[in-house]
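The structure appears below as structure tokens.
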Amino acid sequence: MSEDDELGEREPVTDGGETPASEDPNEDEQYHLEVSAGEVADSVLLPGNPERVEKITDGWDASETVAEHREYRTATGTHDGTPISVTSTGIGSPSAAIAVEELARVGVDTLLRVGSCGAIREEASVGDLVISAGAVRQEGTSDEYVREDYPASADDRVVGALVTAAERLDYDYHVGITASTDSFYAGQGRPGFRGFEAAGADEIVENLREANVLNFEMEAAAILTLANLYGLRAGAVCTVYANRVTGEFRTEGERKAAKVASEAVSILAEMDAAADAAGVDRWHPGLGLGE
Numbered sequence: 002m003s004e005d006d007e008l009g010e011r012e013p014v015t016d017g018g019e020t021p022a023s024e025d026p027n028e029d030e031q032y033h034l035e036v037s038a039g040e041v042a043d044s045v046l047l048p049g050n051p052e053r054v055e056k057i058t059d060g061w062d063a064s065e066t067v068a069e070h071r072e073y074r075t076a077t078g079t080h081d082g083t084p085i086s087v088t089s090t091g092i093g094s095p096s097a098a099i100a101v102e103e104l105a106r107v108g109v110d111t112l113l114r115v116g117s118c119g120a121i122r123e124e125a126s127v128g129d130l131v132i133s134a135g136a137v138r139q140e141g142t143s144d145e146y147v148r149e150d151y152p153a154s155a156d157d158r159v160v161g162a163l164v165t166a167a168e169r170l171d172y173d174y175h176v177g178i179t180a181s182t183d184s185f186y187a188g189q190g191r192p193g194f195r196g197f198e199a200a201g202a203d204e205i206v207e208n209l210r211e212a213n214v215l216n217f218e219m220e221a222a223a224i225l226t227l228a229n230l231y232g233l234r235a236g237a238v239c240t241v242y243a244n245r246v247t248g249e250f251r252t253e254g255e256r257k258a259a260k261v262a263s264e265a266v267s268i269l270a271e272m273d274a275a276a277d278a279a280g281v282d283r284w285h286p287g288l289g290l291g292e
């Protein structure tokens, strides 16, 4: 046994580059998602609940489950002939960020958060959709990536595609700012166990309402922030399950966000085709949808 072996100071094993393999075990199959390049489409929908994956793919032409590990379930198929995938992320920004990281590593370029939310404005009724133009970074995951004043903004093409999809499907929708939190209870102004109230919890909803924020959810800010950092397209659409102002709560319209997001992926494909036909790098409204 060498002296280095005794002291535990062996040279780190690397993946052939500068980074030790133990620090980035993602060269082929992704560590958490268990997907590899070629198994997912360029555009991926991101619901939280793994049980929503099948509900989403029910509306596609065809699909196949390609991986399932922990909270992450991934299926790939086509919607109106457009390649599309879905990966569940579990609850919250930490696990959603892992999904973004590993999907980016296998070549994904477009990410659409699909979920449910609580509205904090009267006009966003239960069953309506909220399409996020951007998000308040009231979660901590994105803070570990970039300074706190960096914006969590949605890609304008994704927002446009989601709005177009909602119009085509004749769904009621609202476009605006979302607040993403790390806590379903204290972070969204709800009482905790035995009525516990976090400091300032009684002011959270009203302060955000005064800032014209539309809704609460728990993943969009991290997804949008990481997408911008990595040069990816991203957006979010959520069905309103609860209205914190009117007191309504119903799990109504569960499939609406999924249908809109799936249709938006097909619309984005039309946008990309129109940009390619025009010989430009980026789609703009003057190009139409290439129909």
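Residue numbers for the sequence shown follow the numbering used here, beginning at 2 and rising by one.
Cβ atoms here follow ideal geometry from the backbone N, Cα and C, with glycine treated the same way.
Since this is a predicted model, take the numbers as computed values, not measurements.
**Continuous alpha helix (DSSP H) stretch holding L269: start and end** = Segment K257 to A279, the alpha helix (DSSP H) holding L269.
**Item:** Contacting residues, own chain, Cβ-Cβ under 7 Å from A63 (five flanking each side not counted)
**Value:** Within its own chain, the residues whose Cβ lies closer than 7 Å to the Cβ of A63, once the five positions on either side in sequence are excluded, are G78 and T79, listed in chain order.
**Request:** Would you tell me roughly how many angstroms separate the C-alpha atoms of E40 and A68, rounded to the nearest one?
**Result:** Counting only the Cα atoms, A68 lies some 9 Å from E40.
**At least 3 beta-carbon pairs within less than 8 Å: the segment 271-281 vs the segment 196-210** = Segments in contact, no.
**Asked** Opposite N244 in the DSSP bridges: which residues?
**Response** Its beta-bridge partners are A120.
**Request:** Buried or exposed for P152, please, with buried defined as at least 16 other CB atoms from any protein chain shown within 10 angstroms of its CB.
**Result:** Around the CB of P152, fewer than 16 other CB atoms lie within 10 Å, so the residue is classed as exposed.
**Asked** Any idea if E220 is buried or exposed, counting beta-carbon neighbours within 10 angstroms, 16 or more meaning buried?
**Response** So E220 ends up on the buried side.
**Message:** Check for me: the beta strand (DSSP E) holding S65 runs from which residue to which?
**Reply:** This sequence places Glu at residue 65; Ser is not what is there. Per DSSP, E65 belongs to the beta strand (DSSP E) from A63 to H70.
**Request:** Just the C-alpha distance for T15 and A276, rounded to the nearest angstrom, thanks.
**Result:** Any reading at T15 must be qualified, since the residue scores a pLDDT of 45, below 50, and its modelled position is unreliable; no value is offered.
**Request:** Taking only the alpha-carbon atoms, compute the straight-line gap between D43 and T83 and give it to the nearest angstrom.
**Result:** Rounded to the nearest angstrom, the two C-alpha atoms are 10 Å apart.
**Message:** Based on DSSP bridge pairs, tell me the residues matched to H80.
**Reply:** Here H80 is bridged, per DSSP, to T83.
**Request:** Note down, in chain order, each residue of its chain lying with its Cβ closer than 8 Å to the Cβ of E124, except the 5 sequence neighbours on either side.
**Result:** Excluding residues within five positions, the ones whose Cβ falls inside 8 Å are H175.
**Prompt:** Leaving out five residues before and five after E10 in sequence, what residues of the same chain have Cβ atoms less than 8 Å from its Cβ?
**Reply:** Because the pLDDT of E10 is 45, which lies under 50, any placement of that residue in the model is unreliable, and the number read from its coordinates should be weighed accordingly. Excluding positions up to five away in sequence, the list is empty.
**Message:** I'd like the list of long-range same chain contacts for S267, defined as Cβ closer than 7 Å, with 5 residues on each side in sequence excluded.
**Reply:** Same-chain partners within the cutoff: H80, D81 and T83.
**Prompt:** Got a sec, what are the start and stop residues for the alpha helix (DSSP H) I205 sits in?
**Reply:** Its alpha helix (DSSP H) spans residues A202 to E211.
**Request:** Kindly indicate the opening and closing residues of the beta strand (DSSP E) around I178.
**Result:** Boundaries of the beta strand (DSSP E) harbouring I178: Y174 to T182, taken from the DSSP string.
**Request:** Rounded to whole angstroms, what's the CA-CA distance from A274 to A155? Just pull it up for me.
**Result:** Our two residues, A274 and A155, have alpha carbons roughly 21 Å apart in a direct line.
**Asked** Would the segment 243-257 and the segment 131-150 be scored as touching if the rule is three or more Cβ pairs under 8 Å?
**Response** Taking 8 Å as the limit for Cβ pairs, the verdict is that the segment 131-150 does not touch the segment 243-257.
**Prompt:** Is it true that the CB of A100 sits closer than 8 Å to the CB of T142?
**Reply:** Contact flag unset, no.
**Item:** Buried or exposed by the 16-neighbour rule on C-beta atoms within 10 Å, applied to D59
**Value:** That one is exposed.
**Request:** Can you say whether L104 is buried or exposed, counting buried as having 16 or more other CB atoms within 10 angstroms of its CB?
**Result:** Counting other Cβ atoms within 10 Å of its Cβ, L104 reaches 16 or more and is therefore classed as buried.
**Message:** Can you tell me whether V137 is helix, strand or coil according to DSSP?
**Reply:** V137 falls in the strand class under three-state DSSP.
**Prompt:** Taking the alpha-carbon positions, what's the V94 to S184 distance?
**Reply:** Val is not the amino acid found at residue 94; the sequence shown has Ser there. Going from the Cα of S94 to the Cα of S184 covers about 10 Å.
**Item:** Assigned secondary structure, L288 (DSSP; H/G/I helix, E/B strand, else coil)
**Value:** L288 carries a helical assignment under DSSP once its states are collapsed to helix, strand and coil.
**Item:** Backbone CA spacing between R138 and R210 [nearest angstrom]
**Value:** Distance between R138 and R210, taken at the CA atoms: about 15 Å.
**Request:** Round the Cβ separation of G116 and P48 to the nearest angstrom and send it over; I've been treating them as touching at under 8 Å.
**Result:** That pair is a contact at about 6 Å.
**Three-state secondary structure assigned by DSSP to L8** = Because the pLDDT of L8 is 42, which lies under 50, any placement of that residue in the model is unreliable, and the number read from its coordinates should be weighed accordingly. Three-state result, L8: helix.
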